[in-house]
């Protein structure tokens, strides 16, 4: 559902299930893209941009080159990317991708988000409570099997059910036979369906993270901007059977980094794009999705601020979510600005008109495809009516309260045939869902209560006291009071209680006297009702129409295209290159000098202060060391933590952001100023050696002689 | 004439007479301004912004405070500002204001623009060839006398002549009686006329200038932008009767500078603004002035590039003009962008509609003023027709060739009564004009020839070979050939030849066989004809209408207003403050760290390389020293070199630019992002002491004990 597009690095903050949802809803987001000139495209590894690479750069990657890069690429299932960077299981990502886990490892006494962490020995590496990493092992085209399930006689609802049934069967079969995580992913609006099999890792231990002030230097103001000075890096080690995994496919480290104008690649997991949404869909986004979404996020940020203001511990608890929402807000505002720009909308209208004219010229295409756009236009009229009820009749705000609803739904869904289940509950999706439902991560009840109360009060403000949802959930009471009661006695903080409910099934849940489960039971029918209405009256129609448009695009423009992003592995490419900015030029890279300039320019005021260790060791640093750099590679949220590699497949940096000009990239790519921002490999090594007393880790990354210290650890087996 | 508005720091490059013209044409540019909230306004010293200062800052400047600042402020007549900063005649301005003189002091062997200069002794200070400085001594309201000359029975042409006659008489009388330079300046569209008397200095010697790469760091790309890292400073010493002038009113130096959020003032000479042009006038600008102006400048830059490419000496000769035109182009493009922004034009339309509605509501005002706008609208129709002929039937491109035309016109004009002369030739204006006509500055004939040929070829391209101007000037020949012949034998490079012609009067000029004078004689009648048509059919009508609008504005909005800029002394005020930029915040100041960041970010590539001395002495610098800073003070071209002072009237910096967001300030001031960019006082002292081995000069600026070295010089008398 398009309404679920959020920058994927913020999914933790918005809901624990959003990644799952994003995957489940990919049927609707997967509008296929036709690349223009320029370094455009988030290409699947089954269809890499060989033509563009050869024509523009004279580069022809071998299959081995592609396989190696794919197998070194890691998906962080809380919404980011990463890569193996050593033969002993080191995985590098961003601090802000790791920060959800860092927060869950933290306590009032130890704040790893704020203070960072370095494990001097393997024994001191800290296990992540609920981090799942995926590595894409294989891709199999299952289009014909999925499409064969849909018979011409079926109406849209029956077709949707048949499609879901086929997908679920393929996934289950694959899971059973390979034990690999198995996802069927619709691409090109259902023009193709691909079975992706992932190796899954859940024993992932923290090795290094800098303090947040180094990683997220410049805070929310500098977020999504460039020039930038962030050491947004975290390093984990992946274990299997209690020992570091032998990661054969890892990226060799190149401390020199990439030069200006050098060709680079980004391999990662862009969350979602809407480049080929129809104009009708974009108008709904412009008129409803963004203004409402922005209003909601602002309200929730205000609630978080109230909570943070209560004290330092409250501030610590709320910090991760605050980052996530500020990040989302800035992205939304950039995207919303794009949609309100008449030039962008005119371009979209012209593209669509040209496409439709091309289709109309061919009698066969015309008969087959030309009705699709008006079908979507009509469905969008209904979408606009359902938009608010679907959005506001939910458990929102609190990820913990959302667990209660998920438990209530879980026990009902697992009894149904796969094809009839709600999104996220398909058989093959259950292991990942259980992993989240049974996470031992700490729960901050007061914070969760405040957020749920704020969200329900918001729904009440939206619909008024006499709305049936409000009446059913709140009665005549204030949201704060209802939620307070629901939280007062809940035992769901105990993982065993959650486990017992799941295992106890429908009767256990129906008979539960847990106050939060009781609240969730009241909400559940409304969520189901709205989901059904949205599915029947909007999604199924648009899926069918979208498939037609997808096929029409293949017919009209050929197969040298890439699909919209779906949080699956993609290959982007581009050059390290500055761009016109603010009346002048932004450089291709920044240096540590710039960090100290910005800090002193703001008289060391937050969020522009440098951490103490930077000040203390400034004279030891070569300040001309590159810190961040930009390239034209086409990325979006979810690519956070993606490795940047050179022609030799060597690691030269890690993506952590896009510039402000890139936000409109959700709808259209333009390489004039759209840039991906990365941490430079030299900055990481310099920081480890000079600032963090971590020469052994730097040596391991650079592939120098295995440091002596590993011999002293007892945990690892190497 | 509005067509002559150019950023005043570039006047040297465009024409030697443009400052004079800007002054002469002030009748037409002087639309009065009504300040909004915010730190808006370029206020005359006779009507300082006391109300705003008191209300917004609780600051009440005394008359003494105002007089002191005014008398310390210096106008650089080639188009900039400056201030006395020592009791021994030191005047500080920008390198780019000084660069015209620096270039004239230079030779193929010694390039002071590029390499900078420091006079270790007074004896080694270098005299500027043709620099005139002015200090505003007094302001006298002569409105009633000027307006009394215009009788109700007069038509517009007679009224214009009567007005000019009265102005000329007042100026001449004042000059004769005081020997001070005397200019009558129309303000508020002729709502007021003021007699300004200036003390004039022409013995102005260079003391210090850094190398251009330090002064103009970042070159054209960084020009008109911020954050910035420029040491755009030059220091002269003013002499009278062979000795340094005892400058009683000088600004005390404050090396600490101004803090963020501190109130500061800028006292300088903004060239021109068009804030209250009518919509009809702005539309002519948008449709003709800017697109044509931008095309001309681009063409001339291409010609300069061809010349520069011939060798390093040619590049040196062309450098000043190239800077001037690039500077103009960037300003034009920013202003043009503003005019094409529908939001800006809508705002202007609304303001005008509101103003006219207010006038229409009052019967008396309605009868008196309401016809003025439609009179201007009608005149603008004619203006559009005359625009190109007036612009392209000229001696353009070459300042040297323009001298020939000025000589031809001079001998004719001085015989006429003052009121009948062309602008720039009024009796009181002659001393300044003679100073320019008889300048001993070097002339680069090959460069001047190329530029005149390019401009005449451009006119020919514009009008075609059969145009009467083209036929008269070029016959059937190529512009290059005609100009080559005109330059081949000219003797006008010799100041004595020019002098002889001026003194020989009309017969000497008529009988001159000088080839360039001959060419100028052919052009002269066309210039006169176009001037007359423009004056009769546009300017006189718009002056009369403008006066009405000016009076209407006083009536409707009161007297707490400031007039549009006219290259006369103005007081601006504001706070030191960053602003939202590029999705984040621009800091209030930059540091030397930032200079090294930008240099290293671009791998020391031009124009982002730092001068060698900066690299060599980097470790001696405290890199956290502030380098540039921004404030909300309202400025525009011509303010270059203006001192920034604090509440105590102390020097805390020198204005050298506006940011890219300020370019639209020609039409409208908005303090959200409009910022004036200045060099910080600390940067100047640090540079002098640490980089330029000039501790004695730093001591003199900081008012420390007179350094011993002065005792060793023989020239000065102190």
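Residue numbers (our numbering), protein chains in the order written: chain A, 1 to 718; chain B, 719 to 1436.
Each residue gets a CB set at the ideal place from its N, CA and C atoms; glycine is no exception.
Within the same chain, show all residues whose beta-carbon is closer than 8 Å to that of residue i, passing over the 5 residues directly before and after it, in chain order.
| i | result |
| --- | --- |
| residue 617 of chain A | 690, 691 |
| residue 282 of chain A | 274, 339, 345, 348, 667 |
| residue 1069 of chain B | none |
| residue 1350 of chain B | 756, 757, 1292, 1293, 1295, 1389, 1392, 1393, 1394 |
| residue 341 of chain A | 664 |
| residue 59 of chain A | 53, 263, 647 |
| residue 610 of chain A | 213, 214, 217, 595, 596, 599, 604 |
Whose Cβ in chain B lies nearer than 8 Å to the Cβ of residue i?
| i | result |
| --- | --- |
| residue 601 of chain A | 945, 1305, 1306, 1307, 1308, 1309, 1312 |
Provide the residue span of the alpha helix (DSSP H) that contains residue i, from first to last.
| i | result |
| --- | --- |
| residue 1227 of chain B | 1213–1229 |
| residue 720 of chain A | As shown, chain A starts at 1 and ends at 718. That puts residue 720 of chain A outside it, with no answer to give. |
| residue 579 of chain A | No alpha helix (DSSP H) holds residue 579 of chain A; the beta strand (DSSP E) holding it covers 579–581. |
| residue 1361 of chain B | Note, residue 1361 of chain B: premise wrong, no alpha helix (DSSP H); beta strand (DSSP E) at 1361–1363. |
| residue 1126 of chain B | 1117–1131 |
Starting from the beta carbon of residue i, find every residue of chain B whose beta carbon is closer than 7 Å, and list them in chain order.
| i | result |
| --- | --- |
| residue 638 of chain A | Those do not exist, as residue 638 of chain A stays about 20 Å from chain B at its closest Cβ, beyond 7 Å. |
Can you list the residues of chain B that residue i reaches, using a CB-CB cut of under 9 Å?
| i | result |
| --- | --- |
| residue 222 of chain A | 1301, 1302, 1303 |
Rounded C-beta distance between residue i and residue j? I'm assuming under 8 Å.
| i | j | result |
| --- | --- | --- |
| residue 923 of chain B | residue 968 of chain B | Going by Cβ atoms, the distance from residue 923 of chain B to residue 968 of chain B rounds to 16 Å, so no, they are not a contact pair. |
| residue 134 of chain A | residue 56 of chain A | The pair is not a contact, with the Cβ atoms about 31 Å apart (cut-off 8 Å). |
| residue 86 of chain A | residue 620 of chain A | Residue 86 of chain A to residue 620 of chain A, Cβ: 26 Å. No contact. |
| residue 198 of chain A | residue 136 of chain A | 6 Å |
| residue 947 of chain B | residue 1308 of chain B | 6 Å |
| residue 142 of chain A | residue 195 of chain A | 5 Å |
Could you pull the start and end residues of the beta strand (DSSP E) that residue i belongs to?
| i | result |
| --- | --- |
| residue 854 of chain B | 851–859 |
| residue 912 of chain B | 910–919 |
| residue 589 of chain A | 589–591 |
| residue 544 of chain A | Counting along the chain, residue 544 of chain A falls outside any beta strand (DSSP E), though it belongs to the alpha helix (DSSP H) covering 540–557. |
| residue 955 of chain B | 952–958 |
| residue 801 of chain B | 798–802 |
Residues of chain A with CB closer than 9 Å to the CB of residue i, please, in chain order.
| i | result |
| --- | --- |
| residue 1341 of chain B | 593, 596, 597, 600, 623 |
Take residue i and list the residues in its own chain whose beta-carbon comes closer than 6 Å to its own, dropping the five residues that flank it on each side.
| i | result |
| --- | --- |
| residue 31 of chain A | Reliability fails at residue 31 of chain A, whose pLDDT of 31 lies under 50, so the model's placement of it is uncertain and the value that follows must be treated cautiously. If we look at residue 31 of chain A and ignore the five residues flanking it on each side, its Cβ neighbours are 189, 276, 277, 564. |
| residue 826 of chain B | 1031 |
| residue 413 of chain A | 421, 422, 425 |
| residue 713 of chain A | Unreliable positioning characterises residue 713 of chain A in this predicted model, as indicated by a pLDDT of 39, which lies under 50. The coordinate reading is nonetheless provided below. Around residue 713 of chain A: 121, 122, 123. |
| residue 849 of chain B | 819, 922 |
| residue 1331 of chain B | 1409 |
| residue 970 of chain B | 1368 |
| residue 1422 of chain B | none |
In chain order, what residues of the same chain have a beta carbon less than 7 Å from the beta carbon of residue i, not counting five sequence neighbours either side?
| i | result |
| --- | --- |
| residue 877 of chain B | 868, 1262 |
| residue 1107 of chain B | 1248 |
| residue 66 of chain A | 45, 48 |
| residue 1102 of chain B | 1002, 1006 |
| residue 1021 of chain B | 1168, 1169, 1172 |
Let me see if you follow: with CB-CB separation under 8 Å, is residue i close to chain E or not?
| i | result |
| --- | --- |
| residue 139 of chain A | The chain labelled as chain E is not found among the protein chains of the depicted structure, namely A and B. |
Exercise. Can you list, in chain order, the residues of the region 576–587 of chain A whose Cβ is nearer than 7 Å to any Cβ on chain B?
Worked result: 581, 582, 583, 584, 585, 587
For this session: Using a Cβ-Cβ cut-off of less than 7 Å, give me the residues of the region 1365–1390 of chain B that come near chain A, in sequence order.
Result: 1378
For this session: Anything in the region 50–70 of chain A with a Cβ closer than 7 Å to a Cβ of chain B? List those residues in chain order, please.
Result: none
For this session: Give, in chain order, every residue of the region 602–614 of chain A whose Cβ lies closer than 8 Å to some Cβ of chain B.
Result: 602, 603, 608
Exercise. Listed in chain order, which residues of the region 911–939 of chain B have Cβ atoms closer than 8 Å to some Cβ of chain A?
Worked result: 936, 939
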